[in-house]
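Chemist: Residue numbers (this note's numbering): 1 to 289.
Even glycine gets a Cβ: it sits at the ideal position worked out from N, Cα and C.
Written out as C-alpha coordinates, the structure reads:
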(Lines of atoms letter the chains of each structure in order from A; the text may use other names.)
(Lines give C-alpha, C1' and ligand atoms only; values in the text may rest on other atoms or scores of the structure.)
Protein backbone atom coordinates (compact mmCIF):
# COMPACT_ATOMS: atom_id res chain seq x y z
CA UNK A 1 0.00 0.00 0.00
CA UNK A 2 1.34 3.45 -0.95
CA UNK A 3 1.05 6.62 1.09
CA UNK A 4 -1.64 7.97 -1.24
CA UNK A 5 -3.63 4.74 -1.00
CA UNK A 6 -3.32 4.65 2.79
CA UNK A 7 -4.59 8.22 3.02
CA UNK A 8 -7.57 7.55 0.76
CA UNK A 9 -8.59 4.37 2.58
CA UNK A 10 -8.21 5.88 6.07
CA UNK A 11 -10.08 9.05 5.07
CA UNK A 12 -12.98 6.97 3.76
CA UNK A 13 -13.14 4.91 6.98
CA UNK A 14 -13.08 8.04 9.13
CA UNK A 15 -15.76 9.71 7.01
CA UNK A 16 -18.05 6.69 7.37
CA UNK A 17 -17.61 6.95 11.14
CA UNK A 18 -18.59 10.66 11.03
CA UNK A 19 -15.16 11.82 12.22
CA UNK A 20 -14.77 15.53 11.49
CA UNK A 21 -12.18 16.58 8.88
CA UNK A 22 -11.41 12.96 7.93
CA UNK A 23 -8.71 13.80 5.40
CA UNK A 24 -6.86 16.07 7.82
CA UNK A 25 -7.12 13.53 10.64
CA UNK A 26 -5.85 10.73 8.38
CA UNK A 27 -2.95 12.92 7.31
CA UNK A 28 -2.00 13.82 10.89
CA UNK A 29 -2.07 10.19 11.99
CA UNK A 30 -0.11 8.96 8.98
CA UNK A 31 2.56 11.60 9.53
CA UNK A 32 2.69 10.63 13.20
CA UNK A 33 2.97 6.92 12.38
CA UNK A 34 5.83 7.53 9.96
CA UNK A 35 7.48 10.46 11.75
CA UNK A 36 7.54 12.62 8.60
CA UNK A 37 6.59 16.19 7.67
CA UNK A 38 3.60 17.21 5.59
CA UNK A 39 5.91 18.25 2.77
CA UNK A 40 7.54 14.83 2.65
CA UNK A 41 4.15 13.11 2.81
CA UNK A 42 3.10 14.82 -0.42
CA UNK A 43 6.50 14.55 -2.08
CA UNK A 44 6.39 10.75 -1.94
CA UNK A 45 2.76 9.74 -2.64
CA UNK A 46 3.81 6.49 -4.32
CA UNK A 47 6.17 5.36 -1.58
CA UNK A 48 5.16 1.95 -0.23
CA UNK A 49 4.54 1.50 3.48
CA UNK A 50 6.42 -1.30 5.17
CA UNK A 51 4.31 -3.95 6.92
CA UNK A 52 5.26 -2.42 10.28
CA UNK A 53 4.30 1.10 9.18
CA UNK A 54 1.01 -0.10 7.76
CA UNK A 55 0.19 -1.92 11.00
CA UNK A 56 1.07 1.13 13.13
CA UNK A 57 -1.05 3.43 10.99
CA UNK A 58 -3.95 0.99 11.20
CA UNK A 59 -3.59 0.90 14.98
CA UNK A 60 -3.75 4.70 15.22
CA UNK A 61 -6.79 4.86 12.95
CA UNK A 62 -8.45 2.22 15.13
CA UNK A 63 -7.89 4.35 18.23
CA UNK A 64 -9.44 7.32 16.47
CA UNK A 65 -12.44 5.25 15.33
CA UNK A 66 -12.82 4.23 18.98
CA UNK A 67 -13.36 7.88 19.91
CA UNK A 68 -9.92 8.78 21.26
CA UNK A 69 -9.03 12.41 20.45
CA UNK A 70 -6.31 12.91 17.86
CA UNK A 71 -4.39 15.15 20.28
CA UNK A 72 -4.04 12.27 22.74
CA UNK A 73 -3.01 9.86 19.98
CA UNK A 74 -0.26 12.16 18.68
CA UNK A 75 0.56 13.73 22.07
CA UNK A 76 0.40 17.25 20.64
CA UNK A 77 -2.02 20.14 20.25
CA UNK A 78 -1.57 23.61 18.77
CA UNK A 79 -2.74 26.55 20.85
CA UNK A 80 -2.18 30.25 20.12
CA UNK A 81 0.28 29.31 17.36
CA UNK A 82 2.38 27.13 19.70
CA UNK A 83 2.79 23.38 19.97
CA UNK A 84 1.97 21.82 23.35
CA UNK A 85 2.44 18.31 24.63
CA UNK A 86 -0.77 16.78 25.96
CA UNK A 87 -1.91 13.48 27.39
CA UNK A 88 -4.97 12.10 29.15
CA UNK A 89 -3.95 13.90 32.38
CA UNK A 90 -4.89 17.29 30.92
CA UNK A 91 -7.76 18.90 29.06
CA UNK A 92 -7.04 19.37 25.37
CA UNK A 93 -6.64 23.14 24.74
CA UNK A 94 -9.56 24.54 22.70
CA UNK A 95 -9.45 27.31 20.09
CA UNK A 96 -12.09 29.28 22.01
CA UNK A 97 -9.78 29.42 25.04
CA UNK A 98 -7.39 31.55 22.99
CA UNK A 99 -9.85 34.37 23.72
CA UNK A 100 -8.61 34.37 27.33
CA UNK A 101 -5.07 34.99 26.08
CA UNK A 102 -6.23 37.73 23.70
CA UNK A 103 -8.20 39.51 26.43
CA UNK A 104 -5.26 39.26 28.84
CA UNK A 105 -2.88 40.75 26.27
CA UNK A 106 -5.37 43.55 25.60
CA UNK A 107 -5.39 44.34 29.33
CA UNK A 108 -1.59 44.31 29.33
CA UNK A 109 -1.62 47.04 26.67
CA UNK A 110 -3.71 49.21 28.99
CA UNK A 111 -1.97 48.57 32.31
CA UNK A 112 1.16 47.00 33.72
CA UNK A 113 0.62 43.36 34.64
CA UNK A 114 3.56 42.51 36.84
CA UNK A 115 2.01 39.33 38.25
CA UNK A 116 -0.51 36.97 36.66
CA UNK A 117 -2.13 33.78 37.95
CA UNK A 118 -3.46 31.03 35.67
CA UNK A 119 -5.80 28.94 37.83
CA UNK A 120 -6.31 25.32 36.75
CA UNK A 121 -3.43 25.49 34.30
CA UNK A 122 -3.60 21.92 32.96
CA UNK A 123 -1.07 21.66 30.12
CA UNK A 124 0.13 25.19 30.87
CA UNK A 125 -1.05 26.48 27.48
CA UNK A 126 -2.52 29.74 28.79
CA UNK A 127 0.31 30.55 31.21
CA UNK A 128 3.03 29.78 28.65
CA UNK A 129 1.31 31.76 25.88
CA UNK A 130 1.13 34.75 28.22
CA UNK A 131 4.73 34.33 29.37
CA UNK A 132 6.02 34.35 25.79
CA UNK A 133 4.03 37.52 24.98
CA UNK A 134 4.66 39.31 28.30
CA UNK A 135 8.35 38.70 29.04
CA UNK A 136 8.39 41.04 32.06
CA UNK A 137 5.50 39.37 33.87
CA UNK A 138 5.82 36.82 36.66
CA UNK A 139 3.24 34.09 36.20
CA UNK A 140 1.89 31.62 38.74
CA UNK A 141 0.16 28.53 37.34
CA UNK A 142 -1.84 26.42 39.78
CA UNK A 143 -3.46 23.02 39.46
CA UNK A 144 -4.76 20.45 41.92
CA UNK A 145 -3.51 17.60 39.71
CA UNK A 146 0.13 16.49 40.03
CA UNK A 147 0.05 14.63 36.67
CA UNK A 148 -1.25 17.78 34.97
CA UNK A 149 1.57 19.84 36.46
CA UNK A 150 4.09 17.32 35.12
CA UNK A 151 2.74 17.98 31.62
CA UNK A 152 2.85 21.75 32.23
CA UNK A 153 6.46 21.46 33.38
CA UNK A 154 7.42 19.67 30.14
CA UNK A 155 5.78 22.44 28.14
CA UNK A 156 7.46 25.19 30.17
CA UNK A 157 10.81 23.56 29.46
CA UNK A 158 9.98 23.15 25.78
CA UNK A 159 9.14 26.86 25.39
CA UNK A 160 11.92 28.18 27.61
CA UNK A 161 9.81 29.84 30.31
CA UNK A 162 10.74 27.71 33.33
CA UNK A 163 12.21 30.75 35.06
CA UNK A 164 9.03 32.88 34.76
CA UNK A 165 6.15 30.41 35.09
CA UNK A 166 5.91 29.14 38.67
CA UNK A 167 3.97 25.87 38.84
CA UNK A 168 2.12 25.45 42.13
CA UNK A 169 0.06 22.48 43.24
CA UNK A 170 -3.18 23.15 45.09
CA UNK A 171 -6.83 24.03 44.69
CA UNK A 172 -7.83 27.28 43.02
CA UNK A 173 -6.25 30.36 44.65
CA UNK A 174 -4.84 28.55 47.68
CA UNK A 175 -1.25 28.13 46.43
CA UNK A 176 -0.74 31.79 45.43
CA UNK A 177 2.04 33.37 47.52
CA UNK A 178 0.93 36.95 46.90
CA UNK A 179 -1.89 39.06 45.42
CA UNK A 180 -1.64 39.39 41.64
CA UNK A 181 -2.57 41.93 38.98
CA UNK A 182 -4.56 39.50 36.84
CA UNK A 183 -6.23 36.13 37.37
CA UNK A 184 -7.18 34.04 34.33
CA UNK A 185 -9.04 30.77 34.68
CA UNK A 186 -10.49 28.07 32.47
CA UNK A 187 -12.09 26.01 35.23
CA UNK A 188 -14.38 22.97 34.88
CA UNK A 189 -17.79 24.21 33.73
CA UNK A 190 -19.51 21.12 32.29
CA UNK A 191 -22.56 20.02 34.27
CA UNK A 192 -21.98 16.93 36.42
CA UNK A 193 -24.77 14.99 34.68
CA UNK A 194 -23.19 15.56 31.28
CA UNK A 195 -19.78 14.36 32.52
CA UNK A 196 -21.42 11.22 33.97
CA UNK A 197 -23.16 10.51 30.65
CA UNK A 198 -19.80 10.44 28.88
CA UNK A 199 -18.56 7.72 31.24
CA UNK A 200 -15.45 5.74 30.19
CA UNK A 201 -15.90 6.96 26.60
CA UNK A 202 -14.96 10.45 27.76
CA UNK A 203 -11.19 10.40 27.31
CA UNK A 204 -10.49 13.77 28.93
CA UNK A 205 -10.06 13.86 32.73
CA UNK A 206 -13.35 14.34 34.59
CA UNK A 207 -11.48 16.49 37.12
CA UNK A 208 -10.91 19.09 34.39
CA UNK A 209 -14.52 19.01 33.17
CA UNK A 210 -16.88 18.44 36.10
CA UNK A 211 -18.31 21.74 37.33
CA UNK A 212 -20.93 20.26 39.63
CA UNK A 213 -24.71 20.36 39.31
CA UNK A 214 -25.00 23.48 37.17
CA UNK A 215 -21.39 23.60 36.03
CA UNK A 216 -20.46 26.58 38.20
CA UNK A 217 -19.25 24.98 41.43
CA UNK A 218 -15.55 25.76 40.92
CA UNK A 219 -16.24 29.14 39.37
CA UNK A 220 -18.32 30.21 42.39
CA UNK A 221 -15.58 29.07 44.77
CA UNK A 222 -12.97 31.05 42.84
CA UNK A 223 -15.10 34.21 42.74
CA UNK A 224 -15.80 34.09 46.47
CA UNK A 225 -12.10 33.82 47.24
CA UNK A 226 -10.90 36.67 45.04
CA UNK A 227 -10.91 39.47 47.61
CA UNK A 228 -7.43 38.98 49.06
CA UNK A 229 -5.85 37.54 45.91
CA UNK A 230 -6.25 40.50 43.55
CA UNK A 231 -4.22 43.67 43.88
CA UNK A 232 -6.10 47.01 43.98
CA UNK A 233 -7.20 47.66 40.41
CA UNK A 234 -6.61 44.01 39.53
CA UNK A 235 -8.59 42.09 36.90
CA UNK A 236 -10.20 38.68 36.43
CA UNK A 237 -10.88 36.78 33.20
CA UNK A 238 -13.03 33.63 33.34
CA UNK A 239 -13.95 31.23 30.55
CA UNK A 240 -17.54 29.99 30.84
CA UNK A 241 -19.86 27.70 28.93
CA UNK A 242 -22.97 28.31 26.86
CA UNK A 243 -25.66 30.10 28.88
CA UNK A 244 -23.45 30.66 31.96
CA UNK A 245 -22.13 34.18 31.42
CA UNK A 246 -25.06 36.09 32.94
CA UNK A 247 -25.09 33.94 36.09
CA UNK A 248 -21.37 34.46 36.58
CA UNK A 249 -21.63 38.19 35.89
CA UNK A 250 -24.48 38.42 38.40
CA UNK A 251 -22.42 36.61 41.05
CA UNK A 252 -19.44 38.91 40.49
CA UNK A 253 -21.71 41.95 40.59
CA UNK A 254 -23.12 40.90 43.96
CA UNK A 255 -19.65 40.23 45.39
CA UNK A 256 -17.96 43.31 43.91
CA UNK A 257 -20.66 45.94 43.25
CA UNK A 258 -18.09 48.59 42.30
CA UNK A 259 -16.34 46.41 39.71
CA UNK A 260 -16.63 47.02 35.97
CA UNK A 261 -17.87 43.74 34.43
CA UNK A 262 -17.51 42.86 30.74
CA UNK A 263 -18.67 39.83 28.73
CA UNK A 264 -16.84 38.90 25.51
CA UNK A 265 -18.25 36.52 22.87
CA UNK A 266 -16.12 34.05 20.96
CA UNK A 267 -16.08 33.69 17.17
CA UNK A 268 -19.19 31.50 17.34
CA UNK A 269 -21.07 34.26 19.16
CA UNK A 270 -21.13 32.40 22.47
CA UNK A 271 -20.57 34.65 25.50
CA UNK A 272 -17.31 32.96 26.42
CA UNK A 273 -15.27 35.23 28.70
CA UNK A 274 -16.50 37.11 31.75
CA UNK A 275 -14.09 39.72 33.01
CA UNK A 276 -13.99 42.44 35.60
CA UNK A 277 -11.61 44.99 37.04
CA UNK A 278 -11.59 46.01 40.68
CA UNK A 279 -11.91 49.71 41.26
CA UNK A 280 -9.49 50.43 44.11
CA UNK A 281 -10.81 52.34 47.09
CA UNK A 282 -8.93 55.56 47.99
CA UNK A 283 -7.36 53.79 50.98
CA UNK A 284 -6.13 50.76 49.06
CA UNK A 285 -4.93 52.94 46.19
CA UNK A 286 -2.89 55.02 48.63
CA UNK A 287 -1.38 51.86 50.15
CA UNK A 288 -0.40 50.49 46.76
CA UNK A 289 1.75 53.57 46.25
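1. With a cut-off of 8 Å on the beta carbons, I'd call residue 117 and residue 176 a contact; round off their distance for me.
2. Cβ of residue 141 within 9 Å of Cβ of residue 124?
3. So, under 8 Å CB-CB, residue 191 and residue 211 are touching, yes? Tell me the CB distance rounded to an integer number of Å.
4. Leaving out five residues on either side along the sequence, give the residues of the same chain with a beta carbon under 7 Å from the beta carbon of residue 278.
5. At which residues does the alpha helix (DSSP H) containing residue 22 begin and terminate?
6. By DSSP, does residue 216 sit in helix, in strand, or in coil?
7. Let me check understanding here. Comparing Cα to Cα, which of 42, 221, 103, 77 lies closest to residue 151?
8. In angstroms, rounded to a whole number, what distance separates the CA positions of residue 3 and residue 79?
9. Measure the C-alpha to C-alpha separation of residue 58 and residue 91 and round it to an integer number of angstroms.
10. Find the nearest neighbour of residue 114 within the set 182, 246, 24, 5, judged by alpha-carbon distance.
11. Taking all protein chains shown into account, decide if residue 244 is buried (16 or more other Cβ within 10 angstroms of its Cβ) or exposed.
12. For residue 208 versus residue 120, is the C-beta distance shorter than 9 Å?
13. Check this for me: beta carbons of residue 100 and residue 187, under 9 Å apart or not?
14. Cα-Cα, which of 52, 29, 88 is closest to residue 41?
15. In whole angstroms, what is the alpha-carbon distance linking residue 218 and residue 248?
16. Suppose you measure from the CA of residue 287 to the CA of residue 24; what does that come to, to the nearest Å?
17. To the nearest angstrom, report how far apart residue 330 and residue 86 are at their CA atoms.
18. Does DSSP classify residue 50 as helix, strand or coil?
19. Within a Cβ cutoff of 7 Å, which residues of the same chain sit near residue 253, ignoring the five residues on either side of it in sequence?
20. Expressed to the nearest angstrom, what Euclidean distance is found between the alpha-carbon atoms of residue 19 and residue 184?
21. Quick check: residue 270 and residue 246, are their CB atoms within less than 9 Å of each other?
22. Which residues does DSSP pair with residue 106 in a beta bridge?
23. Between the C-alpha atoms of residue 12 and residue 275, what's the straight-line distance to the nearest angstrom?
24. How would you call residue 291, buried or exposed, if buried means at least 16 neighbouring beta carbons within 10 angstroms?
25. Would you report the Cα separation of residue 122 and residue 84, rounded to the nearest angstrom?
26. What does the alpha-carbon distance come out to for the pair residue 14 and residue 72?
27. Report the CB separation of residue 104 from residue 130 in whole angstroms; it is logged as a contact under 8 Å.
28. Please classify residue 215 as buried or exposed, where buried requires at least 16 other C-beta atoms within 10 Å of its C-beta.
29. How long is the line joining the alpha carbons of residue 102 and residue 268, rounded to whole angstroms?
30. Would you report the Cα separation of residue 213 and residue 146, rounded to the nearest angstrom?
Modeler: Taking the structure as given:
1. On the chain shown, residue 117 is found 117 positions in, with the first residue counted as 1. On the chain shown, residue 176 is found 176 positions in, with the first residue counted as 1. Contact flag correct, Cβ pair sits at about 6 Å.
2. Position 141 of the chain shown, counted from the first residue, corresponds to residue 141. Position 124 of the chain shown, counted from the first residue, corresponds to residue 124. Yes, Cβ-Cβ distance for residue 141 and residue 124 is below 9 Å.
3. Numbered from its first residue, the chain shown carries residue 191 at position 191. Numbered from its first residue, the chain shown carries residue 211 at position 211. Confirmed, Cβ separation roughly 7 Å.
4. Within the chain shown, residue 278 is the residue found at index 278, counting from 1. The answer, listed in chain order, is 230, 232, 233, 234, 256, 259.
5. Here residue 22 is taken as the residue at index 22 of the chain shown, counted from 1. Its alpha helix (DSSP H) spans residues 22-34.
6. The residue given as residue 216 occupies position 216 in the chain shown. Three-state DSSP puts residue 216 in coil, outside helix and strand.
7. Taking the chain shown and counting its residues from 1, the one referred to as residue 151 is at position 151. With respect to the C-alpha of residue 151, the residue from 42, 221, 103, 77 having the closest C-alpha is 77.
8. Numbered from its first residue, the chain shown carries residue 3 at position 3. Numbered from its first residue, the chain shown carries residue 79 at position 79. If I take the Cα positions, the gap works out to 28 Å.
9. For the purposes of this step, residue 58 is identified with residue 58 of the chain shown, where counting begins at 1. For the purposes of this step, residue 91 is identified with residue 91 of the chain shown, where counting begins at 1. Going by the C-alpha atoms only, they are around 26 Å apart.
10. Residue numbering aside, residue 114 sits at position 114 when the chain shown is read from its first letter. When only C-alpha atoms are compared, the closest one is 182.
11. On the chain shown, residue 244 is found 244 positions in, with the first residue counted as 1. Looking at its Cβ environment, which holds 16 or more other Cβ atoms inside 10 Å, residue 244 is buried.
12. Start at 1 with the first residue of the chain shown, and residue 208 comes out as number 208. Start at 1 with the first residue of the chain shown, and residue 120 comes out as number 120. In this structure, residue 120 lies closer than 9 Å to residue 208 by Cβ.
13. For the purposes of this step, residue 100 is taken as residue 100 along the chain shown, with counting starting at 1. For the purposes of this step, residue 187 is taken as residue 187 along the chain shown, with counting starting at 1. Not closer than 9 Å, so no.
14. If you number the chain shown from 1, residue 41 lands on position 41. Looking at the Cα atoms, 29 is the closest of the given residues.
15. On the chain shown, residue 218 is found 218 positions in, with the first residue counted as 1. On the chain shown, residue 248 is found 248 positions in, with the first residue counted as 1. The alpha-carbon atoms of residue 218 and residue 248 are separated by roughly 11 Å.
16. Within the chain shown, the letter at position 287 stands for residue 287. Within the chain shown, the letter at position 24 stands for residue 24. Caution applies to residue 287, whose pLDDT of 45 falls short of 50 and renders its modelled position unreliable; the model cannot decide the point.
17. Missing from the structure shown is residue 330; the chain here goes from 1 to 289 and no further.
18. As a first step, residue 50 is located in the chain shown; it is residue number 50 there, counting from the start. Three-state DSSP puts residue 50 in coil, outside helix and strand.
19. One-based indexing of the chain shown puts residue 253 at position 253. Within the same chain, residue 253 has close Cβ partners 261.
20. On the chain shown, residue 19 is found 19 positions in, with the first residue counted as 1. On the chain shown, residue 184 is found 184 positions in, with the first residue counted as 1. Going by the C-alpha atoms only, they are around 32 Å apart.
21. Against the chain shown, residue 270 aligns to sequence position 270. Against the chain shown, residue 246 aligns to sequence position 246. In this structure, residue 246 does not lie closer than 9 Å to residue 270 by Cβ.
22. In the chain shown, counting from the first residue as 1, residue 106 sits at position 106. Answer by DSSP bridge pairing: none, since residue 106 is not bridged.
23. Counting from 1 along the chain shown, the entry for residue 12 is found at position 12. Counting from 1 along the chain shown, the entry for residue 275 is found at position 275. One C-alpha to the other measures close to 44 Å.
24. In the structure as shown, the chain starts at 1 and stops at 289, and residue 291 therefore has no counterpart that could be examined.
25. Along the chain shown, read from residue 1 onward, the residue named residue 122 stands at position 122. Along the chain shown, read from residue 1 onward, the residue named residue 84 stands at position 84. Roughly 11 Å separates the two Cα atoms.
26. Sequence index remark: in the chain shown, residue 14 carries index 14 (1-based). Sequence index remark: in the chain shown, residue 72 carries index 72 (1-based). When rounded, the distance between both Cα atoms is 17 Å.
27. Stepping through the chain shown from its first residue, residue 104 is reached at position 104. Stepping through the chain shown from its first residue, residue 130 is reached at position 130. Rounded to the nearest angstrom, the Cβ distance from residue 104 to residue 130 is 6 Å, consistent with a contact under 8 Å.
28. The residue labelled residue 215 in the question sits at position 215 within the chain shown. It counts as buried.
29. Indexing the chain shown from 1 puts residue 102 at position 102. Indexing the chain shown from 1 puts residue 268 at position 268. Going from the Cα of residue 102 to the Cα of residue 268 covers about 16 Å.
30. Within the chain shown, numbered from 1, the residue matching residue 213 stands at position 213. Within the chain shown, numbered from 1, the residue matching residue 146 stands at position 146. The straight-line gap from Cα to Cα measures roughly 25 Å.
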